[in-house]
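Colleague: Each residue of the sequence shown is one higher than the one before, starting from 44 at the first, in my numbering.
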Amino acid sequence: MAYSFLILNGPNLNLLGTRQPDVYGSTTLAEIEGLCQTHGRKIGADVAFVQSNHEGALVDAIHAARGVHDGIILNAGAYTHTSIALMDAIASTEVPTIELHLSNVHAREEFRHKSYIANVAVGVICGFGAQGYTLAMDAMMGTLGADG
Ligand code: DQA
C-alpha cells in the first residue's frame, strides 16, 4: 500500500532557484517536487505538493489533509516563527507533521530560532537544502512504521 504525503510549502518558497541562492540553493520548487515524486516512487509514497503565500490557505491545506494524507512535510517559511494558527491547525488535525527548512535556521538570525511548528511536529529537519525534502520523506516513513 502506498502512503500519501502532503508536502506543504509556505511564503516565498515559490521563488526558490532565484531567491537568495547563497542561503537556499539554486534548486527550484518545481525541481524539488520532481525529486520528491521520484523518491516517493522508490519508497512507496504518493506525494501531493502545495505552495501558498497565504497563512489561511496553509491552514486550509492542513485541515484538508485529515483523512486524506498519512503525513505532512511542512516548510512554513517565515510563518514558522510567527504562526500560532498553523501550530493549532496541526494540533487539531493530528496528521503527523515534520517541520522542514532548507537552511539551518539555528545558525541564522535569532528570530529564526523560535518555531511554533516545532511544538506540535514529530521532528524537525533543517540545513540540508533540497535534500531535506527526501530526508523528511524517509523520516516520515519511519514515523509511520513503514520503513521495514
Ligand atoms: C526557511 C527558513 C525561514 O526562516 C525563512 O523565513 C524561509 C525559508 C527555510 O527553508 O530555510 O522562508 O523556512
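Cβ coordinates follow ideal geometry from the N, Cα and C atoms, glycine included.
1. With DSSP run on the structure shown, which of helix, strand or coil describes ASP161?
2. Whose C-alpha, out of ILE127, ILE116, VAL148, is nearest the C-alpha of VAL138?
3. Using a Cβ-Cβ cut-off of 7 Å (strictly less than) and excluding sequence neighbours within five positions of ALA108, which residues of its own chain qualify?
4. Is it buried or exposed, ASP113, if we count other Cβ atoms within 10 angstroms and call 16 or more buried?
5. I'd like to check one pair, LEU72 with ASN52: are the Cβ atoms closer than 8 Å?
6. Quick one, are the C-beta atoms of VAL163 and ILE133 less than 8 Å apart?
7. Count the other C-beta atoms from every protein chain shown that fall within 10 angstroms of the C-beta of HIS97, then say buried if there are 16 or more, exposed otherwise.
8. What distance in whole Å lies between the Cβ atoms of MET184 and ALA104, which are believed to be in contact at a cut-off of 8 Å?
Modeller: This is what the structure holds:
1. Note that residue 161 is Ala in the sequence shown, not Asp. Reduced to three states, the DSSP call for ALA161 is helix.
2. Just measuring C-alpha positions, the residue of ILE127, ILE116, VAL148 sitting nearest VAL138 is ILE116.
3. Excluding sequence neighbours, ALA108 sits near LEU49, ILE115, THR136, VAL138.
4. The residue is buried, with at least 16 neighbouring Cβ atoms inside 10 Å.
5. Yes, the pair counts as a contact, with Cβ atoms nearer than the cut-off.
6. Yes. Within cutoff.
7. In summary, HIS97 is exposed, with fewer than 16 beta-carbon neighbours lying within 10 Å of its beta-carbon over all protein chains present.
8. Your pair ALA104 and MET184 does not check out as a contact, with CB atoms roughly 21 Å apart and the cut at 8 Å.
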